[in-house]
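Chains as they are written, first to last, in my numbering: chain A, 1 to 197; chain B, 1001 to 1197; chain C, 2001 to 2197; chain D, 3001 to 3197; chain E, 4001 to 4197; chain F, 5001 to 5197.
One structure is given below, encoded as structure tokens.
There are 6 protein chains.
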Amino acid sequence: MSKREEAHLLNFIAEAGMLKRVKRSGWWVLGIKNSETVADHSFRCVVIGYIIAKMEKVEPYKVLLMTLFNDIPEARLNDLHKMSQRYIKLHEAEDKVFKEQISRLSKGIKGELAAMHQEYRRGVSSESIIARDADILECLIQAKEYEEHGFKEAFRFMKKAPKFLRTKSAKKLWNTAKKAIFVFSVYFNSSSFINIG
Amino acid sequence: MSKREEAHLLNFIAEAGMLKRVKRSGWWVLGIKNSETVADHSFRCVVIGYIIAKMEKVEPYKVLLMTLFNDIPEARLNDLHKMSQRYIKLHEAEDKVFKEQISRLSKGIKGELAAMHQEYRRGVSSESIIARDADILECLIQAKEYEEHGFKEAFRFMKKAPKFLRTKSAKKLWNTAKKAIFVFSVYFNSSSFINIG
Amino acid sequence: MSKREEAHLLNFIAEAGMLKRVKRSGWWVLGIKNSETVADHSFRCVVIGYIIAKMEKVEPYKVLLMTLFNDIPEARLNDLHKMSQRYIKLHEAEDKVFKEQISRLSKGIKGELAAMHQEYRRGVSSESIIARDADILECLIQAKEYEEHGFKEAFRFMKKAPKFLRTKSAKKLWNTAKKAIFVFSVYFNSSSFINIG
Amino acid sequence: MSKREEAHLLNFIAEAGMLKRVKRSGWWVLGIKNSETVADHSFRCVVIGYIIAKMEKVEPYKVLLMTLFNDIPEARLNDLHKMSQRYIKLHEAEDKVFKEQISRLSKGIKGELAAMHQEYRRGVSSESIIARDADILECLIQAKEYEEHGFKEAFRFMKKAPKFLRTKSAKKLWNTAKKAIFVFSVYFNSSSFINIG
Amino acid sequence: MSKREEAHLLNFIAEAGMLKRVKRSGWWVLGIKNSETVADHSFRCVVIGYIIAKMEKVEPYKVLLMTLFNDIPEARLNDLHKMSQRYIKLHEAEDKVFKEQISRLSKGIKGELAAMHQEYRRGVSSESIIARDADILECLIQAKEYEEHGFKEAFRFMKKAPKFLRTKSAKKLWNTAKKAIFVFSVYFNSSSFINIG
Amino acid sequence: MSKREEAHLLNFIAEAGMLKRVKRSGWWVLGIKNSETVADHSFRCVVIGYIIAKMEKVEPYKVLLMTLFNDIPEARLNDLHKMSQRYIKLHEAEDKVFKEQISRLSKGIKGELAAMHQEYRRGVSSESIIARDADILECLIQAKEYEEHGFKEAFRFMKKAPKFLRTKSAKKLWNTAKKAIFVFSVYFNSSSFINIG
Chain A
1 MSKREEAHLL
11 NFIAEAGMLK
21 RVKRSGWWVL
31 GIKNSETVAD
41 HSFRCVVIGY
51 IIAKMEKVEP
61 YKVLLMTLFN
71 DIPEARLNDL
81 HKMSQRYIKL
91 HEAEDKVFKE
101 QISRLSKGIK
111 GELAAMHQEY
121 RRGVSSESII
131 ARDADILECL
141 IQAKEYEEHG
151 FKEAFRFMKK
161 APKFLRTKSA
171 KKLWNTAKKA
181 IFVFSVYFNS
191 SSFINIG
Chain B
1001 MSKREEAHLL
1011 NFIAEAGMLK
1021 RVKRSGWWVL
1031 GIKNSETVAD
1041 HSFRCVVIGY
1051 IIAKMEKVEP
1061 YKVLLMTLFN
1071 DIPEARLNDL
1081 HKMSQRYIKL
1091 HEAEDKVFKE
1101 QISRLSKGIK
1111 GELAAMHQEY
1121 RRGVSSESII
1131 ARDADILECL
1141 IQAKEYEEHG
1151 FKEAFRFMKK
1161 APKFLRTKSA
1171 KKLWNTAKKA
1181 IFVFSVYFNS
1191 SSFINIG
Chain C
2001 MSKREEAHLL
2011 NFIAEAGMLK
2021 RVKRSGWWVL
2031 GIKNSETVAD
2041 HSFRCVVIGY
2051 IIAKMEKVEP
2061 YKVLLMTLFN
2071 DIPEARLNDL
2081 HKMSQRYIKL
2091 HEAEDKVFKE
2101 QISRLSKGIK
2111 GELAAMHQEY
2121 RRGVSSESII
2131 ARDADILECL
2141 IQAKEYEEHG
2151 FKEAFRFMKK
2161 APKFLRTKSA
2171 KKLWNTAKKA
2181 IFVFSVYFNS
2191 SSFINIG
Chain D
3001 MSKREEAHLL
3011 NFIAEAGMLK
3021 RVKRSGWWVL
3031 GIKNSETVAD
3041 HSFRCVVIGY
3051 IIAKMEKVEP
3061 YKVLLMTLFN
3071 DIPEARLNDL
3081 HKMSQRYIKL
3091 HEAEDKVFKE
3101 QISRLSKGIK
3111 GELAAMHQEY
3121 RRGVSSESII
3131 ARDADILECL
3141 IQAKEYEEHG
3151 FKEAFRFMKK
3161 APKFLRTKSA
3171 KKLWNTAKKA
3181 IFVFSVYFNS
3191 SSFINIG
Chain E
4001 MSKREEAHLL
4011 NFIAEAGMLK
4021 RVKRSGWWVL
4031 GIKNSETVAD
4041 HSFRCVVIGY
4051 IIAKMEKVEP
4061 YKVLLMTLFN
4071 DIPEARLNDL
4081 HKMSQRYIKL
4091 HEAEDKVFKE
4101 QISRLSKGIK
4111 GELAAMHQEY
4121 RRGVSSESII
4131 ARDADILECL
4141 IQAKEYEEHG
4151 FKEAFRFMKK
4161 APKFLRTKSA
4171 KKLWNTAKKA
4181 IFVFSVYFNS
4191 SSFINIG
Chain F
5001 MSKREEAHLL
5011 NFIAEAGMLK
5021 RVKRSGWWVL
5031 GIKNSETVAD
5041 HSFRCVVIGY
5051 IIAKMEKVEP
5061 YKVLLMTLFN
5071 DIPEARLNDL
5081 HKMSQRYIKL
5091 HEAEDKVFKE
5101 QISRLSKGIK
5111 GELAAMHQEY
5121 RRGVSSESII
5131 ARDADILECL
5141 IQAKEYEEHG
5151 FKEAFRFMKK
5161 APKFLRTKSA
5171 KKLWNTAKKA
5181 IFVFSVYFNS
5191 SSFINIG
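What follows is the structure in structure tokens.
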């Protein structure tokens, strides 16, 4: 691998590092100043993607990649929340960025990521449906948690989101989650973590 | 004024309030996590706009409005830094937002703000040139300050910006500012605030 | 304009920059750690001042200046909340600071700002009454927003403030605001931003 | 899947959510107050793990899982930096936590994660060596970035870490990274992101 | 005193300084991101220790030392919340650290601190019981305050803690505190600070 | 002790709690946004006060009280940095506040704290000189640490402060501290914590 190829891989790592600074802006709309980063969100998306894939008996590999790189264009675009998408064609912009982001990566990586991105965008394969559900579920659970932290409107803020869940597993998880309390119960020596009443 | 008209004015105030939460994302690129808000930036833009207008012997009123409302579309768009503008047509998006933001305001306000926005966009009048210079100068001085706070690359980050200054007054202020040290000298009983060597 | 005069203008810009770091301390009393800056607050004061001036059919220019520079002494004094004013003569200290802050600015600016400050302090002219109302209304709306963000005592904290509003327009805006919910409704495709029930 | 099994999966998701709040404490030692979260770090570890796996021609799947769940015990243990490990047997504590964290998950997930954790702990397989290198490289690059952000001692702080890198690919990436500057060059229309001189 | 002895005292001061950066991690479990530091907590522990000692008619000196240095091992261990103590023997680790922290201090200091630490650990003397109560009461009052700041589960989070209070004075203070509202009433010209209904 | 007396003690504890939110504003002047709290500072002042007292062979008890309560008036006054003291008579305001803060506390506490405050203000006794030195030394060491964290002007900012140190011990500690590097050396298995070259 040439010096130049390594530099392009480092560039890509630096873009992932940028996501450790980009704040999730949708929560600002709700009044949450000190919101988590895009990297924070992506991390849990991958975890949730893995779990749903397992529940749905789908090989997790592609789901992991989709959830991992889904928001990498935000390193160049900043986080564009729902409201901004009334004015900006998000998918178009993201596609342009992603293409540039991977354009100089070594062939094996570039090919795999390009195919994965396209499959995700089409939203037809099980993997892409699961990855999308993981993204929505992460937001919903985060909203639930923020509601416990005092942001009273968090629930209303997300009220349409559950309708977009498509897998049976994600729907079931959300049905349980929405009634749970997310203060760690293990703290109180109970047998389960969250409190599901 | 009807209840409805009042509500639209409150909406507008709520949008200005959103800017107290939207973080200036350009500094994230530079590595500054805890960057100031758009409202923070806009505040000093108005101050600088007022000063340049006075120096240039131009009536400040329109400059004040231009600098005050210049970034109000970011309440709906989030802050789009230079890099994102490779992929998104910022002015087009901003124009669409601003039009919507003022569309239901009472006539007197709507008319004045629409005219002001157009004049700023054209960039021909003295007022619009000063307002633009105030925006650039605010960023340049902030970069200078961040450099003093340890962000070594801040200067390089902004190296092209000074070329876009157009008024004599803004250029002169920058020439002095770039050599100054922004720790408050009054602290040490000196006669001036900043230290200009 | 001499080098020295420019330096004094830069000093003044550096003081405005300080307000991007000074935190509004009244909210700390209420328990809000991560409160907004004085610059954040001043920014929305100018916006609200502009709106009330328009509603009251008063030329906004002086209102803009009054709201813009009202808190500039806090660059040297820190933010002195209501409780501290039991022990410190705030107006006296502010007047001393403001006089020093503008003392070396070029004549045109110094004269205008001195006159504006005096008029604001007297509180007789329509402009000064509007500027004061803008300051109060900004705090009230912010308290309303913080209450939505979980700070249950925010309302009680501000209960005396509405009595100090003097213009009809500010009173009407507050009457609508206090019943509204400030989560952006546009997010949910409704026709207005805030939700006024 | 029973209600109870779902609740245990939600528990696990809540633990991943905890990592969005746990701060990386090693950087505090260096003086960085506002350090990133464990989730931030883990996110980029997965990205780097993927890249090294590809460079080393190893199937990435297990590397993805190892880097993703490597720090999940910190949801219950807090982040234990190098110095604390003089006094606490970190691996022993982590193993105990991880065992509990997965003990009630559905069989398929539990089995896979247990095997993956053991393989990582043994550190013999290519996948485990790559995952470990990804963890080290993420820290090294972050230190490099923090050094650009003013923390002068960041380099010295990490001086021993490069010696622990084992794959050729990770070593090469670090050799390039340590000379690079991580301010995004794309900002200045250059052809590559980071500046490698 | 030799250069070397001074350096060891400085080391100890640097460790105390580390506590200004270490965040209290128990609150993260509850959802509070921006929690106070260990130094913040220790400061109020000393204040409360002083008050309880006075109420209990016990000489405060040893209580002051116990509350002041109680958490100094966290400079090396990070803050280990309740949940982590299921997996880590906290006291054992703390004792090891404390021993090292004071091992090279000059004799007078080392002797006094070692004796004080042992007495605190035994928990038999009045002073050690008061110091422990001060620690618990600080947490309980902080939880009460966080509850007012929107964290609804704060009370449930601490429900077992009051049972561990042992002095009559601490119990009485908590009985009053748990019904109070901690917004400063002096703000409203009332005769007492907190509102006890 | 009556219900009312307890309430006043709780008030006092609530005031100490306020210091966990009040930010040290002097550092804002220097450009440090995310500065420590007054409680953070006071905590280390007590630690340093204890050390200097021991070095100077003075009974530490009164020094502990002086350093512990020195900044408690800032709960009502906010933190008034050096610059603000050009315009506000700090000692006068502090004395007024402190008198009120302790006025309703039970006799034993009130008497002791009043005497301690007076002795500190007079600045004649060894204890008061040591307490003052502890306050200065805490700031100087913090400035040294901030300088390591990138704030280049930190040293210049504090250049006059060392002249005000009066005890031999504080002077010696500062002479060693100013040449040290405060990154924890124990991290690298060295025998001392800070690096004194």
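Just so you know, even glycine gets a beta-carbon here, dropped at the ideal spot from N, CA and C.
Quick caveat: nothing in here was measured; it's all calculated off a predicted structure.
Tell me whether the beta-carbon of residue i lies closer than 8 Å to the beta-carbon of residue j.
i, j, result
"V3063(D)", "L3077(D)", "no"
"S42(A)", "D79(A)", "no"
"E1074(B)", "L1019(B)", "yes"
"A2039(C)", "A1039(B)", "yes"
"M1116(B)", "M2055(C)", "no"
"I1129(B)", "R1166(B)", "yes"
"K2023(C)", "N4034(E)", "no"
"L4137(E)", "I4048(E)", "yes"
"I1051(B)", "I2102(C)", "no"
"R3956(E)", "H4008(E)", "With chain E running from 4001 to 4197 in the structure shown, residue 3956(E) is simply not present."
"L2010(C)", "L1065(B)", "no"
"G5017(F)", "G1150(B)", "no"
"S2126(C)", "V2058(C)", "yes"
Under the DSSP definition of a beta bridge, which residues are partnered with residue i?
i, result
"T1037(B)", "K1023(B)"
Can you tell me whether residue i is buried or exposed, with buried defined as 16 or more other CB within 10 angstroms of its CB?
i, result
"R4108(E)", "In the sequence as presented, Arg is not what sits at residue 4108(E); that position holds Gly. It is exposed - the Cβ of G4108(E) has fewer than 16 other Cβ atoms within 10 Å."
"Q3118(D)", "exposed"
"S1148(B)", "The question names Ser, yet the displayed sequence has Glu at residue 1148(B). The residue in question, E1148(B), is buried, as its Cβ has 16 or more Cβ neighbours within 10 Å."
"F164(A)", "exposed"
"V1029(B)", "buried"
"E1015(B)", "buried"
"M83(A)", "buried"
"Q4142(E)", "buried"
"K1179(B)", "exposed"
"N1070(B)", "buried"
"K3152(D)", "buried"
"R2982(D)", "This structure cannot settle anything about residue 2982(D), because the visible part of chain D is limited to 3001 through 3197."
"K4003(E)", "exposed"
Subject >> Selection of the stretch 2137-2154 of chain C by Cβ proximity to chain A, strictly under 7 Å >> reply: Flagged, chain order: E2145, E2148, H2149 and G2150.
Subject >> Residues of the stretch 4068-4081 of chain E with Cβ closer than 9 Å to any Cβ of chain A, in chain order >> reply: Within the stretch 4068-4081 of chain E, the residues whose Cβ lies closer than 9 Å to some Cβ of chain A are H4081, listed in chain order.
Original post:
Between the stretch 1090-1111 of chain B and chain F, which residues of the former have a C-beta closer than 9 Å to a C-beta of the latter?
Top reply: For chain F, none of the residues of the stretch 1090-1111 of chain B brings a beta carbon within less than 9 Å of one of its beta carbons.
Original post:
Any residues in the stretch 2018-2039 of chain C with a beta carbon nearer than 8 Å to a beta carbon of chain E? Which ones, in chain order?
Top reply: V2029, L2030, G2031, I2032, K2033 and N2034
**OP:** Would you mind listing the alpha helix (DSSP H) stretches within the stretch 4048-4106 of chain E that are 4+ residues and don't spill past its ends, in chain order?
**Re:** 4061-4069, 4074-4077 and 4090-4102
**OP:** Name, going along the chain, the residues of the stretch 5163-5183 of chain F whose beta-carbon falls closer than 7 Å to a beta-carbon of chain D.
**Re:** I5181 and V5183
**OP:** Could you run through the stretch 39-61 of chain A and flag, in chain order, every residue whose CB is less than 7 Å away from some CB of chain C?
**Re:** none
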